DNA sequence: AATCGCAATGTAACTAGTTACAAAGCGTCT
DNA sequence: AGACGCTTTGTAACTAGTTACATTGCGATT
């Protein structure tokens with residue numbers, strides 16, 4: 009321990025030395041002031057309120073700024089303003105259309121609000137989530153948006169310790185300790201099930217991804233199990249991604265009593281299901297209907313178009329960004345927000361063959 | 009102007025006042041020192057080199073830290089260390105699997121290197137790219153990774169002004185002003201074309217996305233046009249995404265002399281093409297072969313599996329992260345890096361019908 | 001001519017940490 | 001006993017900006 013510290017210390021000093029030798033110190037505000045023969049306050053004013061400086065002086069200062077290639081130190085600015093103008097988002101992975109879309113919308117809204125976005129991935133691991141969250145706060149994130157994994161105790165500690173604004177998304181739960189902005193995952197799953205059962209399907213295969221640490225999937229499955237009186241449900245788990253959907257679908261199709269419809273807990277999984285059905289030579293929806301959840305951008309273009317439950321992911325990103333920004337600005341904790349989902353019927357679902 | 013400044017000033021003061029009333033000032037290092045009855049230096053030591061402080065004192069200080077819920081100000085740390093430990097990435101959009109994968113790999117590697125990732129989207133607009141880049145640097149990004157849009161003059165100015173490390177990715181160009189880490193887009197396109205022409209295809213439809221500001225697409229098209237002696241090429245532009253692929257494919261299929269193969273400049277576009285072919289009742293590859301570029305994670309799972317040119321996108325993200333980190337650390341500009349691509353033949357390509 | 005108001009500028013004290021250097025305390029060796 | 005070395009701690013000066021307050025100088029009133 010002691011050795012490690014000493015080592016770190018030594019290397020730090022060495023690095024600092026190199027610094028001083030290698031690169032000429034960057035110009036500071038005082039250098040500019042000296043070069044322009046004015047006070048530091050005047051330079052600062054040229055930067056922050058140019059109108060209060062005489063055109064004459066301003067020009068001289070601007071000249072000095074340019075010739076010294078001066079740039080304000082963000083850290084020094086932050087120390088004075090108390091603001092870093094950066095917030096962070098934690099998502100399980102970027103390699104999934106739904107999170108990417110969410111982050112995209114969030115980044116756009118944050119940009120409008122003058123904030124930048126730090127992104128970290130957790131891999132759905134709540135220990136890693138906590139570690140990354142601390143790291144982000146330590147480099148200056150003014151607030152956090154978490155998605156996918158439930159708010160772990162660690163995040164609550166973090167929020168408490170820093171008075172740190174943390175918004176949880178992808179689910180709605182008015183009883184949660186932190187504000188939640190999301191949809192009702194149980195209702196989402198029921199919407200999909202209702203659609204299939206309304207069409208007359210009684211044997212339905214539920215295709216889903218991994219469960220570990222994924223509250224959304226769990227909530228959806230719970231809701232389906234609770235509604236299992238409406239139809240005979242079989243559950244098939246697969247890995248993440250299209251490949252997982254393929255394999256789980258293959259398992260469902262191998263059932264002696266083949267389902268007449270597949271309820272996929274995401275459109276990505278549904279894409280795998282459609283590929284697998286095509287491979288099996290089964291017609292959609294003639295032989296088997298397919299429904300997804302998410303309504304990704306390509307879903308309307310598939311052949312046939314994929315029936316899906318549209319989730320307001322972009323809106324969720326924008327709302328979360330706005331809520332967090334206002335929380336930071338006003339110090340007032342935002343309200344929970346329930347966003348509505350919507351069934352988008354397309355060609356991939358129809359009545360079962362026998363009907 | 010003056011009024012605006014005054015207004016801003018006034019509201020700022022008001023805000024500060026509110027601050028002081030509403031939230032109790034956060035504890036500083038000096039508060040902790042006072043509470044523990046030690047000097048600020050000792051508190052700092054407890055934080056940075058606990059071994060050099062006697063267990064007795066350390067305990068007292070740690071107690072004070074806990075009871076005051078003290079947290080170091082990131083800005084103050086940054087001002088002293090000269091490091092913010094954050095770098096930024098600029099991508100055209102997050103809503104595209106290829107950039108999401110790239111960013112994911114980058115974030116992972118940066119995390120290993122103790123750096124955090126700021127993400128901003130440019131929408132493929134170089135003006136916006138420049139604006140966002142400045143914004144990111146102003147809040148403390150120590151380096152930049154750009155992708156997709158060519159290094160605009162604005163970025164060069166930024167790099168020059170700050171001595172800011174900027175790495176360009178998604179293309180390889182040893183003559184570029186900033187280090188590039190990427191693949192040879194011309195060669196990538198030729199690889200795809202060679203595969204089709206080796207199979208015997210002579211009428212090939214090239215399906216591509218929008219051109220504005222997209223150097224990668226342009227480079228690929230240039231290479232194809234230069235090789236147009238190998239086959240008769242028709243070019244079909246579509247919007248971004250699967251929908252664009254569908255529409256452009258529809259146009260290609262409507263040609264009096266229908267192409268026997270479709271060369272899609274991305275797998276996303278290829279997915280659109282496959283959907284469209286399915287809609288048209290054409291068999292893949294029996295009637296029309298399809299090849300993509302990217303080799304996305306689902307490409308191997310489609311029906312039939314999509315032949316694609318695999319791009320080392322994840323590796324590119326990791327390499328860019330490592331290169332940028334080392335540039336920041338050592339002040340030594342990294343080398344350009346050419347990453348190799350690879351044809352992945354799958355079921356979607358075969359000899360044309362007549363052969 | 002004296003006073004007032006205002007714009008333009010400077011001085012110095014802030015922000016919240018880190019750290020070089022000094023000093024005190026204590027045990028050990030000569 | 002005095003010198004030396006070690007650990008432990010404190011003082012004060014840094015980092016690079018912002019800003020409250022003081023000051024100067026000029027034109028316009030009174």
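Protein chains in written order, with the working numbering: chain A, 9 to 363; chain B, 9 to 363. Ideal Cβ placement from N, Cα and C applies to all residues, glycine included. Quick caveat, the model's predicted, so the values are computed rather than measured.
Taking DSSP as the reference, what is the three-state secondary structure of residue i?
i: residue 344 of chain A; result: coil
i: residue 276 of chain B; result: helix
i: residue 338 of chain B; result: helix
i: residue 211 of chain A; result: strand
i: residue 74 of chain A; result: helix
i: residue 205 of chain B; result: helix
i: residue 322 of chain B; result: helix
i: residue 268 of chain A; result: coil
i: residue 128 of chain A; result: strand
i: residue 302 of chain B; result: strand
i: residue 316 of chain A; result: strand
i: residue 350 of chain A; result: strand
i: residue 294 of chain A; result: coil
i: residue 243 of chain A; result: strand
i: residue 285 of chain A; result: helix
i: residue 29 of chain B; result: For residue 29 of chain B, the predicted structure reports a pLDDT of 36, less than 50, and the residue's modelled location is therefore unreliable. The matter cannot be settled from this model.
i: residue 104 of chain A; result: coil
i: residue 155 of chain B; result: strand
i: residue 357 of chain B; result: coil
i: residue 121 of chain A; result: coil
So, is residue i buried or exposed, given that buried needs 16 or more other C-beta atoms within 10 angstroms?
i: residue 123 of chain B; result: buried
i: residue 234 of chain A; result: exposed
i: residue 178 of chain B; result: buried
i: residue 161 of chain A; result: exposed
i: residue 294 of chain A; result: exposed
i: residue 222 of chain A; result: buried
i: residue 207 of chain B; result: buried
i: residue 120 of chain B; result: exposed
i: residue 85 of chain A; result: buried
i: residue 327 of chain B; result: buried
Can you check whether the CB of residue j is closer than 8 Å to the CB of residue i?
i: residue 316 of chain B; j: residue 299 of chain B; result: yes
i: residue 209 of chain B; j: residue 278 of chain B; result: no
i: residue 342 of chain B; j: residue 187 of chain B; result: yes
i: residue 228 of chain A; j: residue 197 of chain A; result: yes
i: residue 250 of chain B; j: residue 274 of chain A; result: no
i: residue 349 of chain B; j: residue 322 of chain B; result: no
i: residue 180 of chain B; j: residue 164 of chain B; result: no
i: residue 172 of chain B; j: residue 204 of chain B; result: no
i: residue 257 of chain A; j: residue 231 of chain A; result: no
i: residue 213 of chain B; j: residue 244 of chain B; result: yes
i: residue 66 of chain A; j: residue 54 of chain A; result: yes
i: residue 311 of chain B; j: residue 283 of chain A; result: yes
i: residue 309 of chain A; j: residue 272 of chain B; result: no
i: residue 190 of chain A; j: residue 100 of chain A; result: no
i: residue 290 of chain B; j: residue 356 of chain B; result: no
i: residue 174 of chain A; j: residue 184 of chain A; result: no
i: residue 49 of chain A; j: residue 72 of chain A; result: no
i: residue 267 of chain B; j: residue 236 of chain B; result: no
Hey, residue i and residue j are a contact pair by Cβ (cut 8 Å); roughly how many whole angstroms apart?
i: residue 129 of chain A; j: residue 138 of chain B; result: The Cβ separation is near 27 Å, so there is no contact.
i: residue 117 of chain A; j: residue 325 of chain A; result: 7 Å
i: residue 127 of chain A; j: residue 125 of chain B; result: 6 Å
i: residue 297 of chain B; j: residue 358 of chain B; result: 6 Å
i: residue 105 of chain A; j: residue 105 of chain B; result: 7 Å
i: residue 176 of chain A; j: residue 145 of chain A; result: Their Cβ separation, rounded to whole angstroms, is 16 Å, which puts residue 176 of chain A and residue 145 of chain A out of contact at 8 Å.
Open item on the list: Against chain A, which members of the segment 110-143 of chain B pass a CB distance test of less than 8 Å?
Closed with: 111, 112, 115, 116, 119, 124, 125, 126, 127, 128, 129, 140, 143
Open item on the list: If the cut-off is 7 Å on Cβ atoms, which residues from the segment 244-263 of chain B count as contacting chain A, listed in chain order?
Closed with: Correct list: 249, 250, 251, 254.
TODO: Pull out every residue of the segment 269-289 of chain A whose Cβ sits closer than 7 Å to any Cβ of chain B, in chain order.
DONE: 279, 280, 283, 286, 287
Task: Residues within the segment 82-101 of chain B neighbouring chain A, beta-carbon criterion of under 7 Å - done: For the segment 82-101 of chain B, which is checked against every Cβ of chain A, the residues closer than 7 Å are 82, 83, 84, 86, 87, 92, 93, 94, 101.
Open item on the list: So if I threshold CB-CB distances at 7 Å, which residues from the segment 46-80 of chain B count as touching chain A?
Closed with: 57, 59, 77, 79
- [ ] Pull out every residue of the segment 289-311 of chain B whose Cβ sits closer than 8 Å to any Cβ of chain A, in chain order.
- [x] 305, 306, 308, 309, 310, 311
- [ ] Please list the residues of the segment 315-342 of chain A that have a C-beta atom closer than 8 Å to any C-beta atom in chain B, keeping them in chain order.
- [x] 339
Task: Against chain B: residues of the segment 170-196 of chain A by CB proximity under 8 Å - done: Taking a C-beta cut-off of 8 Å against chain B, the contacting residues of the segment 170-196 of chain A are 170, 171, listed in chain order.
Open item on the list: Please identify, using Cβ separations under 7 Å, the residues of the segment 145-161 of chain A that lie next to chain B, in order along the chain.
Closed with: 146, 147, 148
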